[in-house]
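Here's the structure we're looking at; comments come further down.
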Amino acid sequence: MASVGLLFVGAVLLINGLLFLGKVDAKTAGVFNLFVGGLQTVAPLYLIVTAKDGDAVLSAAGVLMFGFTYLYVGVNSLAGFEGPGLGWFSLWVAILAVGFAVVNLVRFDDAASALLWFQWAALWGLFFAVIALGLSRLTEVTAWFTIIASFTTCTVPGFVYLLGETVPAWAVVVSIVATVVVLVPVALRTVPGSAVPAPA
Numbered sequence: 000m001a002s003v004g005l006l007f008v009g010a011v012l013l014i015n016g017l018l019f020l021g022k023v024d025a026k027t028a029g030v031f032n033l034f035v036g037g038l039q040t041v042a043p044l045y046l047i048v049t050a051k052d053g054d055a056v057l058s059a060a061g062v063l064m065f066g067f068t069y070l071y072v073g074v075n076s077l078a079g080f081e082g083p084g085l086g087w088f089s090l091w092v093a094i095l096a097v098g099f100a101v102v103n104l105v106r107f108d109d110a111a112s113a114l115l116w117f118q119w120a121a122l123w124g125l126f127f128a129v130i131a132l133g134l135s136r137l138t139e140v141t142a143w144f145t146i147i148a149s150f151t152t153c154t155v156p157g158f159v160y161l162l163g164e165t166v167p168a169w170a171v172v173v174s175i176v177a178t179v180v181v182l183v184p185v186a187l188r189t190v191p192g193s194a195v196p197a198p199a
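Sequential numbering of the sequence shown, starting at 0, is according to numbering that gives the first Met the number 0.
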């Protein structure tokens, strides 16, 4: 179930990244966010109700908080609500994502999953900065990070898990390095004050 969910989260992150870039209209993105948010809410709630142990509840809780994110985006986009509430909720998600990363590393000795969670924490932190704090200069960097992460942290890992395989930690590290390589030029071009000054 988690692998199927990851695939659709990859799709919705792609749509939301394009929304940041103005390539997708808010209502179109809102409808798809409601679809994925519904999936990511109903499925983990069922898993929580039927869970046999605490670890199953822990896993489902992580999915659930992302599900509420997409429902929130969907409702805001379709109703035309202002976004600060979503931004502050994203900060809460980012903080919890760091906690889930530590749990995966320390409790489950799963470095690959921990690295994925750290990336989601960074991404939701950017959502907070752009949506709640109004740091519009970070919008393009956030958009491209969202688009890249839709593949590197969701679509590709989800497909690998569907095949019954695991994602090695080194592969996640490589994807992180590649992401940074792509995003640094975007930041230098779009974020004021980030460019390296010319020598005197």
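Where a beta carbon is used, it is the ideal one built from N, C-alpha and C, also for glycine.
Using the three-state DSSP reduction, which class does residue i fall into: helix, strand or coil?
i	result
PRO43	helix
THR106	In the sequence as presented, Thr is not what sits at residue 106; that position holds Arg. In this structure, ARG106 counts as coil in the three-state DSSP scheme.
LEU98	Per the sequence presented here, residue 98 reads as Gly, with Leu not at that position. The answer is helix: DSSP assigns GLY98 an H, G or I state.
ALA199	Low confidence applies to ALA199: its pLDDT is 45, below 50, so where it sits in the model is not reliable enough to give any reading.
LEU17	helix
ASP54	helix
GLU205	The question about residue 205 has no answer, for the chain in this structure spans 0 to 199.
GLY73	helix
VAL23	coil
LEU162	coil
ILE132	Sequence check: residue 132 is Leu here, not Ile. Here LEU132 sits in coil by DSSP.
VAL8	helix
Only counting the same chain, and skipping five residues up and downstream in sequence, which positions put a Cβ closer than 6 Å to that of residue i?
i	result
ASP109	ASN103
VAL166	ALA111, PRO156, VAL159
VAL171	ALA111, LEU114
SER76	ALA25, ALA28, GLY29
PHE117	ALA100
VAL129	LEU137, THR138, THR141
What's the gap between the Cα of residue i and the Cα of residue j?
i	j	result
ALA197	LEU63	Reliability of the predicted coordinates at ALA197 is poor, the pLDDT of 48 falling under 50, and the value obtained from them is presented with this limitation in mind. Their Cα atoms are separated by approximately 48 Å.
GLU139	PHE7	23 Å
VAL23	LEU57	34 Å
TYR45	GLY79	31 Å
THR151	ASN32	19 Å
TRP123	THR145	9 Å
GLY98	TRP91	11 Å
GLY16	SER149	9 Å
ALA199	GLY29	Reliability of the predicted coordinates at ALA199 is poor, the pLDDT of 45 falling under 50, and no value is obtained from them.
CYS153	GLY9	5 Å
VAL190	ARG136	5 Å
VAL96	ALA113	A small correction: the amino acid at residue 96 is Ala; Val does not occupy that position in the sequence shown. Whole-angstrom Cα-Cα distance: 9 Å.
TRP169	ARG106	20 Å
GLY61	PRO184	32 Å
GLY73	LEU162	31 Å
VAL173	LEU125	21 Å
Just to confirm my understanding: we take residue i, look at its own chain, exclude 5 residues before and 5 after, and list those with CB closer than 8 Å. What are they?
i	result
PHE88	PHE67, THR68, TYR71
LEU38	GLY4, PHE7, GLY66
ILE94	ALA120
Quick check on the DSSP output: the alpha helix (DSSP H) that includes residue i runs from which residue to which?
i	result
THR152	Careful: THR152 lies outside any alpha helix (DSSP H) and carries neither H nor E.
PHE144	138 to 148
VAL176	168 to 189
Do we get a CB-CB distance below 7 Å when we pair residue i with the residues of chain C?
i	result
ALA168	Note that chain C does not occur in the displayed structure, where there is just one protein chain.
What does a CB cutoff of less than 7 Å around residue i pick up in its chain, not counting 5 residues either side in sequence?
i	result
LEU13	ILE146, SER149
THR40	LEU63, GLY66, PHE67, LEU70
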